[in-house]
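Reading through the structure tokens given below for one structure.
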Amino acid sequence: MSAPLQIFLSYLLLFGLAGGITCLALSSLARFANSKRPLGFAALACFVAFTTALMLLTPAPQRLPTMYFWLFSSAVVGGAIGCVTMRSVFHSALMLILSLFGVAGYFILVNAEFLAMVQVIIYIGGIMVLFLFGIMVSQNIIGTELRQTSPEAPWALASSIILFIFMFICGLFMTFPPQPTAGAMPLGNNTHELGWSLMATYTLPFEVASVLLLMAMLGAIVLVRRE
Amino acid sequence: MMLAFLLQEAPPTTAAAANAAAQVQVVPPMNWGALGTALKLLFTHWFAYSGTLPMRFFTNIDYHQYFVLSCLIFCLGFYGVVARRNAISMLLAMELMLNAVNINMSAFNLYWGPRQTLAAFTSEKSVWTQTGQAFSVFAIIVAAAEAAVGLAIIIAFYRARKSIMLDDANLMKG
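Spelled out as structure tokens, the structure:
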């Protein structure tokens, strides 16, 4: 790839990402509610530019994992932001389901196929459906327009930003051991190895976890039982 | 966000690691033009430790990206737990925090999973232990238990006070 094209694509990638995020943030503000459509088209164009530049800049063997990684990242981060900012609790739970699907994609990317299936079946199919039932049981109005944040929300936002910066700096200066085989694939079956880990190495935590699940089940039944 | 890529990678120590590193396609240094030169002058002490510019954050997926993304998800969940008034929203944000931990454990298991064990004496292969994934399974089990008990507590509270706002949970206030 020639140098001027590389420079152009680099700037296209960075400004496409920044412009797309800016357009989405502007269109979510209530002040711009009347003119949401051009901002949405601008955000779409910016993300298309970002994707094209990313695809052209990435070397061929890593192209597909990279694209899938950023696809799942957009789902995870967008779902998480929607989960903590939506006013309706029902919509918040739906955005969390989107985020959990992105996490399942991450599990596929890091060769954890069993965890991805567990994520979809247990987390989304079990826990989140339980949450949706809880929301429908305990709320008279689903699309409530109540204010959902406490008056301390700006302090919470500031403290979470400080926490992110702190964790990021810790990760920056953390020294990791060298990778045994960089970029190599696992030799055996992942699920086979996970089964050996669970049933041979970590048998005691596994049994303790089963006792914990039994206690949680009994406790939930006792708590919600009518007299 | 891209600072983690400016640290220099450790050179491969053993012959096997050198072979594995040689098979990975080498990314050429990125040329960014005039603005890149200005940035280099501004942040010389950062760029001195890296041969490339932070474009690699987007094009080479490594454990750094998983770390940064899981940090972001964890902090969003922390904000949700602290700032939301609704008890169910708080539980949803706690699920986000648990998922951030799961992402980190699985991703680091991919990069630091292999260990030389007894099988290495017979087959000369490194064995992939799945410790991170096993602890992710435990975290999912704990999340299921937490969701069941938390929702039971919320429903019992709703029967008592006809509300799920945490501001109304003041029965034990003196």
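As they're listed, the protein sequences go chains W and Y. Those letters in the first sequence? Residues 1 to 227, per our numbering, in order. Those letters in the second sequence? Residues 1001 to 1174, per our numbering, in order. All residues carry an ideal CB built from backbone N, CA and C; glycine is no exception.
Item, Value
"Can you pull the chain Y residues whose beta carbon is under 9 angstroms from the beta carbon of residue 115 of chain W, in chain order?", "1102, 1106, 1133, 1136, 1137, 1140"
"In three-state DSSP terms, what is residue 167 of chain W?", "helix"
"Express the C-alpha separation of residue 1141 of chain Y and residue 198 of chain W in angstroms, rounding to a whole number.", "13 angstroms"
"Please list, in chain order, the chain Y residues whose beta carbon lies closer than 9 angstroms to that of residue 77 of chain W.", "1069, 1072, 1073, 1076"
"Please go through the same chain and pick out, in chain order, the residues whose beta-carbon is closer than 7 angstroms to the beta-carbon of residue 1124 of chain Y, but skip the five residues on each side of it.", "With a pLDDT of 47 at residue 1124 of chain Y, under the threshold of 50, the predicted position of this residue should be treated as unreliable, and no value is reported."
"Can you tell me which of the three DSSP states residue 1170 of chain Y falls into?", "coil"
"Here's the rule I'm using: 16 or more other beta-carbon atoms within 10 Å means buried, otherwise exposed. How should residue 50 of chain W be labelled?", "buried"
"Report the rounded CA-to-CA distance for residue 1065 of chain Y versus residue 204 of chain W, giving the unit in angstroms.", "33 angstroms"
"Distance check for residue 15 of chain W and residue 213 of chain W, CA to CA, integer angstroms please.", "48 angstroms"
"Can you list the residues of chain Y that residue 152 of chain W reaches, using a CB-CB cut of under 9 angstroms?", "1082, 1083"
"Which residue or residues does DSSP assign as beta-bridge partners of residue 149 of chain W?", "Y:1084"
"Comparing C-alpha positions only, which one of Y:1034, Y:1085, Y:1159 sits nearest to residue 156 of chain W?", "Y:1085"
"Taking only three categories from DSSP, how would you classify residue 1165 of chain Y?", "strand"
"Ends of the alpha helix (DSSP H) at residue 127 of chain W?", "Segment: none, residue 127 of chain W is in no alpha helix (DSSP H) and carries neither H nor E."
"Sort W:19, W:105, W:8, W:57 by Cα distance to residue 1035 of chain Y and report the nearest one.", "W:8"
"Can you list the residues of chain Y that residue 83 of chain W reaches, using a CB-CB cut of under 9 angstroms?", "1076, 1077, 1080, 1089, 1092, 1093, 1095, 1096"
"Which chain W residues sit within Cβ distance under 7 angstroms of residue 1060 of chain Y?", "62"
"Please look up how many angstroms separate the CB atoms of residue 1080 of chain Y and residue 84 of chain W, rounded, as I've assumed it's under 8 angstroms.", "4 angstroms"
"Using a C-beta cutoff of 8 angstroms, does residue 89 of chain W count as contacting chain Y?", "yes"
"Starting from the C-beta of residue 55 of chain W, find all residues in its chain whose C-beta is less than 7 angstroms away, skip the five residues before and the five after it, and write them out in chain order.", "63, 67"
"Report buried or exposed for residue 1099 of chain Y, applying the criterion of at least 16 other Cβ atoms within 10 angstroms of its Cβ.", "buried"
"Quick one: grab the DSSP three-state call for residue 106 of chain W.", "helix"
"Is residue 1098 of chain Y helix, strand or coil when you go by DSSP?", "helix"
"Hey, residue 23 of chain W and residue 53 of chain W: beta-carbon distance below 8 angstroms or not?", "no"
"Between residue 119 of chain W and residue 103 of chain W, which are expected to be in contact by the criterion C-beta below 8 angstroms, what is the C-beta distance as a whole number of angstroms?", "6 angstroms"
"Roughly how many angstroms lie between the CA atoms of residue 18 of chain W and residue 125 of chain W, to the nearest whole one?", "35 angstroms"
"Report the rounded CA-to-CA distance for residue 193 of chain W versus residue 1134 of chain Y, giving the unit in angstroms.", "10 angstroms"
"Where do the N-terminal and C-terminal ends of the alpha helix (DSSP H) with residue 42 of chain W fall, by residue?", "36 to 57"
"When we look at the beta-carbon of residue 207 of chain W and count the other beta-carbons within 10 Å, is it buried (16 or more) or exposed?", "exposed"
"DSSP on residue 1063 of chain Y, reduced to helix/strand/coil?", "helix"
"Within its chain, find whatever has a CB closer than 7 angstroms to the CB of residue 65 of chain W; leave out the 5 residues flanking it on each side and keep chain order.", "109"
"Have a look at W:166, W:132, W:57 and flag the residue whose alpha-carbon is nearest the alpha-carbon of residue 97 of chain W.", "W:132"
"If we call anything under 8 angstroms between Cβ atoms a contact, is residue 99 of chain W one with residue 1096 of chain Y?", "yes"
"Taking Cβ to Cβ, would you say residue 107 of chain W is nearer than 8 angstroms to residue 1071 of chain Y?", "no"
"Taking the alpha-carbon positions, what's the residue 111 of chain W to residue 195 of chain W distance?", "15 angstroms"
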